[in-house]
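Counting from 46, one number per residue, gives the positions in the sequence shown under our numbering.
Glycine included, every Cβ here is placed at the ideal spot set by N, Cα and C.
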Amino acid sequence: MLIISLMVASLSWAAEGPPPAPVRVAQATQQAIAPISWVFGSIFSRHQANIAAEVTGRLLSIAEVGDIVKRGDILARIDASATQLQHDELRAQIKTEQARLTFLTSEVDRLQRLAATNHAAKTQLEQTQSDRDATQGTLSAARSRLAQAQDRVERSKIKAPFSGTVAQRLMQAGEWAESGDAIIELIDINNLEVRARIPLASMPYINSDSKLQVKVGNDEVIATLRSLVPVGDILSRLADMRLDFTHPGWRPGQSVRVAVPTGPAKSALTVPRDALVLRSDATRVVRVNDDDTTTSVDVVLGHADGGWIEVAGELQPGDRVIVRGAERLRPGQHVRIMPNP
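Written out as structure tokens, the structure reads:
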């Protein structure tokens, strides 16, 4: 009896077949899609500069290559000891002249009161007034020179005009720097853009809202058009284009490819790229029928737009196509649809 029961259970399982295979699906979608061509471009920092000395002197210190700095941080220092001595001397002179001005102002007031009662000579009053005015001029000039000296001392500290990373030392500590000499190269690796040159023929199909596919190897992002120079180079027939993007792993200097439209968009049936099953004899997608069985459908590929690609075959908008788990399925096999992450 036990042997018979096991045989019956075995035959029952064989009749039912294997359990449904877990898969993930997406819907075939009708959408506007344009023909594209791939052009080469590069990644640039939006903030990259050679920071120059603003005063002349010996370079005392300089930041290390790779240092990460914030705006206003000191990148290098130039010897300003002579200027600092002049600054201190001027402060002392200002203190002396201020005391003299206070005294002469008081004397003028006193002599004016005496002159009113004919107890002071007019010439003495005029001389004191002249000395007071001259001292006032000397004090103003000293204050101006002090401000200039203070400015030179401050400009001996070469500060970062923006946050970034030290990319290169252009001078070394101990070298003599003239005003205007480039000291250090600073680059902001967090604010990047893609720059590419596109055919003038593509310009009518790009507007301010355009989002274009950008690739580095097999890695890709969707970038947003930031600017497009509306006039092309007369020799190359190319126009400059700049795109904003976000990708934490990409760095300035990397080469990229940009998908540029070459014609008007048209309505087409599309499926996710992940739905394609590539074989040596054909390209297929696996459709999930209403009873959760599968059918392989041969398709002809058309234009691509990001993660979607135009297909022609026995598919309709809204059909469910498998995007994960299609490789090992047999036609007619039952599947169990898993939720997409």
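Residue range of the unbroken beta strand (DSSP E) whose run includes residue 336: Taking the first residue of the sequence shown as 1, we reach residue 336 at position 291. From DSSP, residue 336 is part of no beta strand (DSSP E); its letter is neither H nor E.
Host beta strand (DSSP E) of residue 86 (start-end): The sequence position of residue 86 within the sequence shown is 41, counting from 1. Element bounds for residue 86: 81-90.
Inter-stretch contact at 8 angstroms, needing at least 3 Cβ pairs: the stretch 319-332 / the stretch 349-368: yes
Touching by the beta-carbon criterion (3+ pairs, under 8 angstroms), the stretch 212-229 and the stretch 253-261: no
Cβ shell of residue 315 (< 8 angstroms), same chain only, five flanking positions each side left out: Here residue 315 refers to the residue found at position 270 when the sequence shown is read from its first residue. Counting only Cβ-Cβ distances below 8 angstroms, and skipping sequence neighbours, we find 73, 74, 75, 76, 78, 350, 353, 354, 355 and 356.
Distance CB(residue 340)-CB(residue 376) smaller than 8 angstroms: Taking the sequence shown and counting its residues from 1, the one referred to as residue 340 is at position 295. Taking the sequence shown and counting its residues from 1, the one referred to as residue 376 is at position 331. In contact: residue 340 and residue 376 (Cβ atoms closer than 8 angstroms).
Segment contact flag, the stretch 97-115 with the stretch 149-169, C-beta cutoff 8 angstroms, min 3 pairs: no
Span of the beta strand (DSSP E), counted from its first residue to its last, around residue 228: The residue given as residue 228 occupies position 183 in the sequence shown. Per DSSP, residue 228 belongs to the beta strand (DSSP E) from 227-232.
Residue 86, buried or exposed, once every other Cβ within 10 Å from all chains shown has been counted against 16: Indexing the sequence shown from 1 puts residue 86 at position 41. Answer is buried; the Cβ neighbour count reaches 16.
Euclidean distance between Cα positions of residue 449 and residue 252: This structure cannot settle anything about residue 449, because the visible part of the chain is limited to 46 through 386.
Span separating the alpha-carbon of residue 53 from that of residue 379: One-based indexing of the sequence shown puts residue 53 at position 8. One-based indexing of the sequence shown puts residue 379 at position 334. Because the pLDDT at residue 53 is just 46, under 50, the model does not fix this residue reliably, and the value given afterwards should be weighed accordingly. Taking the straight line joining both Cα atoms gives about 23 angstroms.
Option in 282, 236, 373 and 141 with minimal Cα separation from residue 246: Numbered from 1 along the sequence shown, position 201 holds the residue referred to as residue 246. The residue with the shortest Cα to Cα distance from residue 246 is 282.
DSSP state of residue 386 mapped onto helix, strand, coil: Translated into the one-based positions of the sequence shown, residue 386 becomes position 341. Residue 386 falls in the coil class under three-state DSSP.
Residue of 93, 130 and 242 minimising C-alpha distance to residue 207: Mapped onto the sequence shown, residue 207 falls at position 162. Looking at the Cα atoms, 93 is the closest of the given residues.
Length of the line joining the Cα atoms of residue 104 and residue 144: Locating residue 104 in the sequence shown gives position 59, counting from the first residue. Locating residue 144 in the sequence shown gives position 99, counting from the first residue. So the two alpha carbons sit approximately 39 angstroms from each other.
Neighbourhood of residue 46 by C-beta distance below 8 angstroms, restricted to the same chain and skipping five residues each side: Looking up residue 46 in the sequence shown gives position 1. Confidence in residue 46 is poor, its pLDDT being 47 and thus under 50, which makes the residue's placement unreliable; the coordinate value appears in the next sentence. None.
Local Cβ density within 10 Å of residue 276, reported as buried at 16 or more and exposed below that: Working through the sequence shown from its first residue, we reach residue 276 at position 231. Exposed, because fewer than 16 other Cβ atoms sit within 10 Å of the Cβ of residue 276.
Per DSSP, the bridge partner or partners of residue 365: Walking along the sequence shown from the start, residue 365 turns up at place 320. Answer by DSSP bridge pairing, in chain order: 72 and 333.
Residue span of the alpha helix (DSSP H) that contains residue 122, given as start and end: As a working mapping, residue 122 is identified with position 77 in the sequence shown. That residue, residue 122, is in no alpha helix (DSSP H); its beta strand (DSSP E) goes 119-123.
Three-state secondary structure (DSSP) of residue 299: Numbered from 1 along the sequence shown, position 254 holds the residue referred to as residue 299. DSSP places residue 299 in coil when its eight states are reduced to three.
Distance, residue 348 Cα to residue 371 Cα: For the purposes of this step, residue 371 is taken as residue 326 along the sequence shown, with counting starting at 1. For the purposes of this step, residue 348 is taken as residue 303 along the sequence shown, with counting starting at 1. Going by the C-alpha atoms only, they are around 23 angstroms apart.
Whole-angstrom C-beta distance between residue 238 and residue 288, which should lie under 8 angstroms: By 1-based counting over the sequence shown, the position of residue 288 is 243. By 1-based counting over the sequence shown, the position of residue 238 is 193. About 6 angstroms; that satisfies the 8 angstroms criterion.
For residue 115 and residue 212, believed in contact at Cβ under 8 angstroms, the rounded distance: As a position in the sequence shown, residue 212 is number 167, starting the count at 1. As a position in the sequence shown, residue 115 is number 70, starting the count at 1. The Cβ separation is near 16 angstroms, so there is no contact.
Segment limits, beta strand (DSSP E) that includes residue 223: On the sequence shown, residue 223 is found 178 positions in, with the first residue counted as 1. No beta strand (DSSP E) contains residue 223, which DSSP labels as neither H nor E.
Endpoints, alpha helix (DSSP H) assigned at residue 186: What you label residue 186 is simply residue 141 of the sequence shown in a count that begins at 1. Run containing residue 186: 167-200, per the alpha helix (DSSP H) assignment.
Buried/exposed call for residue 90, threshold 16 Cβ in 10 Å: Residue 90 sits at position 45 when you count from the first residue of the sequence shown. It counts as buried.
Start-to-end residues for the beta strand (DSSP E) that takes in residue 141: Position 96 of the sequence shown, counted from the start, is the residue given in the question as residue 141. Careful: residue 141 lies outside any beta strand (DSSP E), inside the alpha helix (DSSP H) at 126-161.
Local Cβ density within 10 Å of residue 113, reported as buried at 16 or more and exposed below that: Residue numbering aside, residue 113 sits at position 68 when the sequence shown is read from its first letter. Classification for residue 113: exposed.
Which of helix, strand or coil DSSP assigns to residue 247: As a working mapping, residue 247 is identified with position 202 in the sequence shown. In the structure shown, residue 247 sits in a helix (DSSP, three-state: H, G or I).
Candidates 360, 231 and 88: closest to residue 119 by CA position: Residue mapping note: residue 119 aligns to position 74 of the sequence shown, counting from 1. Closest option to residue 119, Cα to Cα, is 231.
Where residue 137 falls, given that 16 or more other Cβ within 10 Å makes a residue buried: Counting from one through the sequence shown, the residue named residue 137 turns up at place 92. Residue 137 is exposed by the Cβ-count criterion.
Beta-ladder partner(s) of residue 67, from DSSP: To locate residue 67, count along the sequence shown from 1; it is residue 22. Partner(s): 381.
DSSP bridge partner residues for residue 306 (one or two, in chain order): Stepping through the sequence shown from its first residue, residue 306 is reached at position 261. Paired residues: 81.
Best match in 215, 209 and 185 for proximity to residue 235 [C-alpha to C-alpha]: Locating residue 235 in the sequence shown gives position 190, counting from the first residue. Of the listed residues, the one whose Cα sits closest to residue 235 is 209.
Nearest-angstrom beta carbon gap, residue 177 and residue 198 [assumed within contact, 8 angstroms]: Mapped onto the sequence shown, residue 198 falls at position 153. Mapped onto the sequence shown, residue 177 falls at position 132. So it is not a contact: roughly 31 angstroms between Cβ atoms.
Sheet register partners of residue 287 (DSSP bridge): Position 242 of the sequence shown, counting from 1, holds the residue named residue 287. 240 and 272.
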